[in-house]
Amino acid sequence: MNSTARSLAWPGAMALAGGGVLLVFGLPAPLLTWALLTATHVVLLRTLPTPHLAAWLPLVALSAAVGADDSLPAVLLAALIGVALAGRPLQRGAACAATAGVPLAHAFAVASVGGLQVSPAFYFAAGAAAGATSFVLLGSAQRDKGLAILPEMSLAGAIAAGLGLLTATAGPLFAPLCTVGVLVAASGAFARREVEAAEAHTVGSLMRALEIKDLYTRGHSERVAGYARLIGAELGLDPVRLARLSVAGLLHDIGKVAVPRRLLRKRDRLADREYCEIQAHAPVAATLLEGIGFLEPVVPFVVEHHVHVDGGGYGTVGDDGPSLEARVLAVADAFDAMTTHRPYRRALTRAYAVAELRRCAGTQFDPDVVAALVHVLERSEFVPPAVGVESDIAARLAALGVPDIPEVISARL
Amino acid sequence: MHVSERVAERRAPFASMLGRDEWPALIALPALCSVIVLAVPLVGWWALALAVGVYAMGFRSFVVARSADATYSQLVTSLGRIAELNGAVPAGHVVRAADLALLMGERLELSEYQLATLCAAAHVRTAGLVGREDPPHYRPGFGHRSVVRWTQAIVGADGRLGEVAELVDGDESGVLGDVIATAATYDEAVHGMGMTPAAAFGLVSRDAPPDEAAVSAALGAVLIDQGVVLRQSVLESGSALAVDAVAK
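Each protein sequence line maps, in turn, to chains A and B.
Everything in the first sequence is counted per this note's numbering, starting at 1 for the first residue and increasing by one.
Everything in the second sequence is counted per this note's numbering, starting at 1001 for the first residue and increasing by one.
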């Protein structure tokens, strides 16, 4: 059974199990329902290999035993179990505690006044407001994700409120279920964070491979990403395109992991054959990146950024010519290459680099993109993109006991 | 199921890493189904919609979590290509050695989690070769110490690949490391040095220390299972310890 079919089997089997219980037993005892559905779930989960399966079975049993008792200590114990189950979110700090805690507190507050006869819609709306409040209370690290998690948190709050209403209506027996219910609802936001962590890890790994190959290229990539982002913002790109542009800037030279180091650091003019070897880094980058799902949108930018607007250069491109992002990368790439020290020459002045970009505008570079870069540079508050790579890599490699890399030394000179 | 399908399935989703951190939510889902069953007769059908919403959200969490695992899996595959693209290892060597290591791991009855870690480590173990001077010199197994360190730096010691980073340290990675090194050495002997499978097995098993006889035996058993070599050839060419293990 493949993963998709296995995933789809979950809700179907759960529904069958729940329906079966209803048909056979009418309105069953909570413990029976809980145990049966949990057993069903465990059987299904057994198809997913997990080394911790045995570890959480006792917790399930304990929760079931507590859930069957509606005394106050039992409810409190169940709530405690709920908090323990939420260990992961809570370990992430105050922001995460707010994520789970605010809707949870709201749910119990609603439950405490549950004697009031108020429309369920009121509770859901109040819960959604609580969820949105939790979003506002999150730390800045989470807020900069934009409004992406707002729907999830609002839904989590609405669910919390609904479960609170359920508790008020049907009795404290439902309190432990409320607890875990809120945690499930909140887990969507944390799952999204796992994805973001995986994506950051992926970009970081590829960047580390690049810096081990050639430290200059890593620093250059970081600066290109910074310039590209500034240019993109000047051109009015939306946040999603800006984020992709930034990642494309970081990875635009990733194909150079396959270029011999002697060519990357050669002081003399490259022979034609050597130049061809350098050019191969574009398709190599595509080979490395195209299998990584979330990077697929940036692969064309990386492959096209050496294609000139007049059709010259190298790389593959569609009939419409290089994309706007690729044209931005081309300008940022050239500007940084000119204004930094290279093995074969010292850094050129910013004025010279701008003049050169203007001279090639319309043939090699997009004139609008060049103009955007000029606007960025002319701003009084302009600060060149920072590169923290040297201290970063030095600390990391020293911690690992990695032998010093020649490029680290030469780059510092 | 054909071997290649099993290998592909194991390699592709990096599945065994899934679920370790998500078990609280996995427990919570049955609870919410209980809410559905219990609440409807008491408070009305609106509770059903409520619980369905909860379940949908929890279910979506797993789907999203799966995409995180897929990303790690894709990264592992991509890192496995670096050394080949760099010309540091023969084409196809990384994937062949990883597949062989996986089959040997199954033969050794490693857990699903160990197999997933083994497979990932077998893929990424050569990534550190990008740090070597030109032309990179490849040695089967884990290679030079600095290559190991660079590989660990690339893979990253933190996050979900932390155990993979530990495993690529061939000197301290136990039987899993032995499996990877043996598989890589065998593949290099066959495809790099042009030896016959039986001769390569003999080379690997004779060079192995006594405590790695089980690993060599697993290689021999896999080769026989796959029809790569005849059982008699293995028994004739392997070390005494490995042959004994295969014979058992």
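We put the CB at the ideal spot given by N, CA and C, even for glycine.
None of the values given here were measured: they were computed from a predicted structure.
Based on DSSP bridge pairs, tell me the residues matched to residue i.
i               : result
F345 of chain A : With the sequence shown as reference, residue 345 of chain A is identified as Arg, and Phe is not the correct amino acid for it. For R345 of chain A, which the question treats as bridged, DSSP gives the partners A:R342.
G313 of chain A : A:V307
A361 of chain A : A:F365
What does the alpha-carbon distance come out to for the pair residue i and residue j?
i                : j                : result
G313 of chain A  : E234 of chain A  : 25 Å
A1189 of chain B : Q1226 of chain B : 18 Å
V1094 of chain B : R273 of chain A  : 28 Å
A209 of chain A  : Y275 of chain A  : 22 Å
H341 of chain A  : S221 of chain A  : 14 Å
D310 of chain A  : G362 of chain A  : 7 Å
E378 of chain A  : A372 of chain A  : 10 Å
R1107 of chain B : L1100 of chain B : 11 Å
V1222 of chain B : P297 of chain A  : 41 Å
A94 of chain A   : V257 of chain A  : Caution is warranted here: a pLDDT of 33 is assigned to A94 of chain A, below 50, making its placement in the model unreliable, and no coordinate value can be reported.
Q1114 of chain B : L1102 of chain B : 10 Å
V299 of chain A  : G1080 of chain B : 19 Å
L214 of chain A  : V1229 of chain B : Sequence inspection shows Asp at residue 214 of chain A; the Leu mentioned does not correspond to that position. For D214 of chain A and V1229 of chain B, the distance between alpha carbons rounds to 44 Å.
A282 of chain A  : T1071 of chain B : 22 Å
G249 of chain A  : V328 of chain A  : 9 Å
V1148 of chain B : Q1074 of chain B : 21 Å
S1146 of chain B : T1126 of chain B : 11 Å
I1154 of chain B : D1178 of chain B : 22 Å
V1130 of chain B : F294 of chain A  : 24 Å
A198 of chain A  : T1151 of chain B : 18 Å
G1105 of chain B : A1116 of chain B : 10 Å
E1212 of chain B : V1089 of chain B : 25 Å
A280 of chain A  : G1156 of chain B : 27 Å
L270 of chain A  : A1091 of chain B : 27 Å
G1192 of chain B : L1176 of chain B : 23 Å
A1214 of chain B : G315 of chain A  : 50 Å
C1119 of chain B : R1206 of chain B : 25 Å
V1164 of chain B : A285 of chain A  : 24 Å
I'd like to know whether the C-beta of residue i is nearer than 8 Å to at least one C-beta of chain B.
i               : result
S205 of chain A : yes
R267 of chain A : no
G291 of chain A : yes
I278 of chain A : no
V195 of chain A : yes
E199 of chain A : yes
T287 of chain A : yes
Enumerate in chain order the residues of its own chain whose CB-to-CB distance from residue i is below 6 Å, with the five nearest sequence positions on each side excluded.
i               : result
P414 of chain A : It is not possible to answer for residue 414 of chain A, since the shown part of chain A is limited to 1 through 413.
H305 of chain A : H252, A326, L329, A330
Quick check on residue i - is its C-beta less than 8 Å from some C-beta in chain A?
i                : result
S1045 of chain B : It is Trp, not Ser, that sits at residue 1045 of chain B in the sequence shown. So, not an interface residue.
V1094 of chain B : no
V1263 of chain B : One cannot answer for residue 1263 of chain B here, as it falls past the ends of chain B, which runs 1001 to 1248.
V1130 of chain B : yes
S1077 of chain B : Reading the sequence as shown, one finds Thr at residue 1077 of chain B and not Ser. Chain A contact via Cβ: present.
T1117 of chain B : no
V1067 of chain B : It is Ser, not Val, that sits at residue 1067 of chain B in the sequence shown. Yes, contact with chain A.
G1192 of chain B : no
I1224 of chain B : no
R1206 of chain B : no
R1071 of chain B : It should be pointed out that residue 1071 of chain B corresponds to Thr in this sequence rather than to Arg. For T1071 of chain B, the answer is yes, since a Cβ of chain A falls inside 8 Å of its Cβ.
R1081 of chain B : yes
H1002 of chain B : Residue placement at H1002 of chain B is poorly supported in this model, since its pLDDT is 39, which falls under 50; the coordinates still yield a value, given next. Not one chain A Cβ lies under 8 Å of H1002 of chain B.
L1176 of chain B : no
Within the same chain, show all residues whose beta-carbon is closer than 7 Å to that of residue i, passing over the 5 residues directly before and after it, in chain order.
i               : result
G318 of chain A : none
I292 of chain A : T202
Excluding sequence positions up to five away, which residues of its chain have a Cβ less than 8 Å from the Cβ of residue i?
i                : result
P260 of chain A  : E277
G321 of chain A  : V307, V309, G311
L288 of chain A  : L206, I254, G255, V257
I231 of chain A  : V328, V331, A332, V369, A372, L373, V376
V1204 of chain B : T1182, T1185, Y1186, A1189, S1216, L1219
F301 of chain A  : R244, L245, A248, H252, S323, E325, A326, L329
(message) Could you check whether the segment 321 to 340 of chain A touches the segment 220 to 231 of chain A, counting it as contact only if at least three pairs of C-beta atoms, one from each stretch, sit closer than 8 Å?
(response) yes
(message) When you compare the segment 345 to 352 of chain A with the segment 200 to 217 of chain A, are there three or more beta-carbon pairs, one atom per stretch, that lie closer than 8 Å?
(response) Cβ pair count under 8 Å is below three, so no.
(message) Could you check whether the segment 1184 to 1199 of chain B touches the segment 1153 to 1172 of chain B, counting it as contact only if at least three pairs of C-beta atoms, one from each stretch, sit closer than 8 Å?
(response) Touching, no.
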